[in-house]
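These notes concern the structure reproduced below.
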Amino acid sequence: PEHPFPAAYHDALSVMKYFATNPEAARIIGADASSIVVAGESAGGNLAAGTAQAARDLGIPIKFQALFIPMLRHESDTHSYVENANCPILSAKTTRWFWDKYVPDPTQCRNSSKCQPFVGDVNDLAPALVYTASCDPF
2 PEHPFPAAYH DALSVMKYFA TNPEAARIIG ADASSIVVAG ESAGGNLAAG
52 TAQAARDLGI PIKFQALFIP MLRHESDTHS YVENANCPIL SAKTTRWFWD
102 KYVPDPTQCR NSSKCQPFVG DVNDLAPALV YTASCDPF
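Listed below in structure tokens is the structure:
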């Protein structure tokens, strides 16, 4: 990406905070600031999950999370990475390439829920629907 981590995280959080604190702006686009839902697929699922954690910490109520095949961990040492390393659509090698482009300095990601929501506090979050794939390294 043109702007690596944490740029996209900050963008997602800024948008969520803006609409949560500007109900009129939400109404202009046909949304309700009191019924915020976060959603995303793949890297977007990562951003949605991280944003939901930040919202909870900021006291912004999130109604729901829809996470579609979310990339929640930077590490590639999981059973899923090993078992699905050679998936025809998205291999572990390709997934690692995406992570390396998104987070050029892996030390930024270590133990950071902004980068890998899976390592953050998942208590008291909005309900979540998590879609996974049968051949998915993450």
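Residues in the sequence shown are numbered from 2 upward in steps of one, following the numbering used here. Cβ coordinates follow ideal geometry from the N, Cα and C atoms, glycine included.
Take residue i as the anchor and find which of the options has the nearest alpha-carbon.
i      : options                           : result
Asn47  : Pro128, Ala134, Phe119 and Leu130 : Phe119
Cys136 : Arg97, Ser81 and Lys102           : Ser81
Gln54  : Asp125, Glu84, Ser92 and Leu91    : Asp125
Cys88  : His11, Ala32, Val16 and Pro138    : Pro138
Phe69  : Tyr19, Ala49 and Asn112           : Ala49
Gly41  : Tyr19, Ala34 and Pro71            : Pro71
Glu3   : Pro24, Asn112 and Val104          : Val104
Tyr10  : Gly51, Val131, Glu84 and Asp106   : Gly51
Thr133 : Arg111, Val123 and Ala67          : Ala67
Val131 : Thr96, Thr79, Gly45 and Phe99     : Gly45
Rounded C-beta distance between residue i and residue j? I'm assuming under 8 Å.
i     : j     : result
Ala26 : Phe65 : 20 Å between Cβ atoms; not a contact.
Pro24 : His75 : No, Pro24 and His75 are not in contact; Cβ-Cβ is about 36 Å, not under 8 Å.
Leaving out five residues on either side along the sequence, give the residues of the same chain with a beta carbon under 8 Å from the beta carbon of residue i.
i      : result
Lys94  : Ala86
Gln109 : Phe6, Pro7 and Cys116
Asn112 : Val120
Lys102 : Pro2 and Pro5
Thr96  : Met72, Ser77, Tyr82, Pro138 and Phe139
Ser35  : Pro24 and Pro62
To which residues of the same chain is residue i closer than 6 Å at the C-beta, ignoring the five residues directly before and after it?
i     : result
Val38 : Lys64 and Phe65
Ala13 : Leu48 and Thr52
Ser43 : Ile70 and Met72
Closer than 7 Å by C-beta to residue i: which residues in its own chain qualify, once you throw out the five before and the five after it? Chain order, please.
i      : result
Gly121 : Gln54 and Ser114
Ala129 : Gln66 and Leu68
Asp33  : Ala27
The ligand HEM heavy atoms versus the CB of residue i: any closer than 7 Å?
i      : result
Pro138 : The ligand content of the structure shown is nil, which means the ligand HEM is not present either.
- Sequence ranges, alpha helix (DSSP H) only - wholly within the segment 57-99, length at least 4: 80-84
- Item | Three or more C-beta pairs below 8 Å linking the segment 56-70 and the segment 14-29 | yes
- Task: Output the residue ranges of the alpha helix (DSSP H) runs that lie fully inside the segment 3-39 and measure 4 residues or longer, sorted by chain position.
- Result: 8-22 and 24-29
- In chain order, which beta strand (DSSP E) runs of at least 3 residues are fully inside the segment 99-133? 129-132
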